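Residue numbers (the UniProt record's numbering): 1 to 472.
Report on one structure; see the data block that follows.
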């Protein structure tokens, strides 16, 4: 009987799972594990039999098995790791990602009929090799190496927690989550499984930069220039992109900007030239850390103008709908007048910002062909051609860029400008602007320059000069 692929350092004879089980896992059917989001602190919003005494904060995504029995160890882990470890409401995105990862893991356990507390290294390694061959039912392509590293990393983190709680006998050992994708050299203290997970992350393709000519088309598709009089034409989506492109902000950081931060920055910008930089303190960023971004004065003034103009119009419209009887939101970017009446005036969410960006990429015609599997609608498995025995593949056009690639592009533009001034300090300057803890992370962002640095640097430098001309 064929055995599944194995990870480095693990003998094939140790694997006790069948090829049939491997085939069943290729698409990991989600009906075996249910995810339900809590909408109130009061458990009465759920049927008592369903909740079985489980109560979680509003917005917490709980896991249940196919019989609607809470998966208590996973839920307890996520509450401890996400809710108690993060400030305010910022735990929700992290916890939802953990819930997705653990839902996949518990589905794997259900299909293979493995007890969660009987798991050891071999079971996790088999799961990792399964993910290598699995096809995402959403994208219909194989999972990226970084995705596999994250999913397996969550499982390892869960079992470290379970071991400390005395819930399981297996201790995976301490592996900082940030190292799982670092691709560092082998460290015996991390263990072979952790090194294998890092290997998955290293196979992820280099980040794609947004070409300068594509940036021009994209910015045009996003709306009018916020640096000029644009009348009543909305500039929110364009401004969100400008924040990422000119300050290296992550999408969640852009969505978290407040009117108080903009007002404070506007006061500091008084009397300064357009392209001087002012600092904006971010109390919480990635990894629950604080940080300071540097933003061009020209953009600060555009944000302030938006705040007093188009944003205030949204607030007024929301008040006319009976909202904000006590206080209006402090978020800078709000759902606009085209949103559902229920959502008008509410702080914009990251998925809304990313959708707006993706739509603009499509409007700009920035699409690339992508081959993907054709899946059986009933089983979720790739369909096989009866004549050739090969998987049926179709080609579709997908957006060429994602919102996060704005941050990568900022790294390149910043590097290009700094290198023209002080070549020896260019990477260090970019590291500071990107708020990276290590130089190696910054260098990953600059990989796109390595093969044709001079040509690319000139292109991006010219693009930055074009931004300056736009204001004149």
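Backbone N, C-alpha and C define an ideal beta-carbon position, used for all residues, glycine too.
No experiment lies behind these values; they were computed from the predicted model shown.
Per DSSP, which one or two residues make a beta bridge with residue i?
i	result
residue 36	62
residue 231	In DSSP, residue 231 forms no bridge with anything.
residue 384	391
residue 142	135
residue 396	370
residue 279	294
residue 308	In DSSP, residue 308 forms no bridge with anything.
residue 258	331
residue 245	Bridge partners of residue 245: none, in fact.
residue 375	382
residue 347	334
residue 70	64
Note down the Cα distance separating residue i from residue j, rounded to an integer number of angstroms.
i	j	result
residue 418	residue 277	14 Å
residue 76	residue 66	19 Å
residue 241	residue 126	41 Å
residue 396	residue 139	11 Å
residue 104	residue 131	10 Å
residue 269	residue 292	16 Å
residue 49	residue 142	Unreliable positioning characterises residue 49 in this predicted model, as indicated by a pLDDT of 42, which lies under 50. A coordinate reading is not provided.
residue 215	residue 173	45 Å
residue 329	residue 447	40 Å
residue 319	residue 162	48 Å
residue 389	residue 364	39 Å
residue 369	residue 108	32 Å
residue 426	residue 420	9 Å
residue 476	residue 445	The structure shown does not extend to residue 476, since the chain is modelled only from 1 to 472, so the question has no answer here.
residue 435	residue 294	11 Å
residue 384	residue 145	24 Å
residue 68	residue 261	44 Å
residue 147	residue 316	42 Å
residue 313	residue 386	60 Å
residue 351	residue 83	21 Å
residue 134	residue 150	15 Å
residue 137	residue 106	17 Å
residue 169	residue 117	8 Å
residue 308	residue 228	15 Å
residue 94	residue 232	37 Å
residue 423	residue 439	15 Å
residue 237	residue 220	11 Å
residue 335	residue 353	10 Å
residue 361	residue 239	15 Å
residue 102	residue 165	18 Å
residue 92	residue 36	13 Å
residue 58	residue 280	30 Å
residue 299	residue 416	20 Å
residue 376	residue 62	29 Å
residue 257	residue 379	43 Å
residue 224	residue 339	20 Å
Taking the CB atoms as reference points, tell me whether residue i and residue j lie closer together than 8 Å.
i	j	result
residue 306	residue 382	no
residue 128	residue 111	no
residue 114	residue 123	yes
residue 348	residue 255	yes
residue 286	residue 250	yes
residue 337	residue 303	no
residue 371	residue 344	no
residue 34	residue 64	yes
residue 301	residue 324	no
residue 218	residue 367	no
residue 209	residue 405	yes
residue 297	residue 290	no
Could you tell me how far apart the beta carbons of residue i and residue j are, in whole angstroms, since I believe they sit closer than 8 Å?
i	j	result
residue 310	residue 234	6 Å
residue 428	residue 414	Wrong, their Cβ atoms sit about 11 Å apart, outside the cutoff.
residue 282	residue 253	6 Å
residue 441	residue 430	Not really, about 10 Å apart at Cβ, beyond 8 Å.
residue 73	residue 167	6 Å
residue 341	residue 321	6 Å
residue 79	residue 56	6 Å
Should the stretch 241 to 248 be regarded as contacting the stretch 404 to 416, the criterion being three or more beta carbon pairs within less than 8 Å?
-> Touching, yes, given that three or more Cβ pairs across the two stretches are closer than 8 Å.
Per the contact definition of three or more C-beta pairs closer than 8 Å, is the stretch 357 to 370 in contact with the stretch 385 to 402?
-> Taking 8 Å as the limit for Cβ pairs, the verdict is that the stretch 357 to 370 does touch the stretch 385 to 402.
Inspect the CB distances between the stretch 149 to 163 and the stretch 95 to 102 and report whether three or more fall short of 8 Å.
-> Yes, since at least three Cβ pairs between the stretch 149 to 163 and the stretch 95 to 102 fall closer than 8 Å, the two stretches touch.
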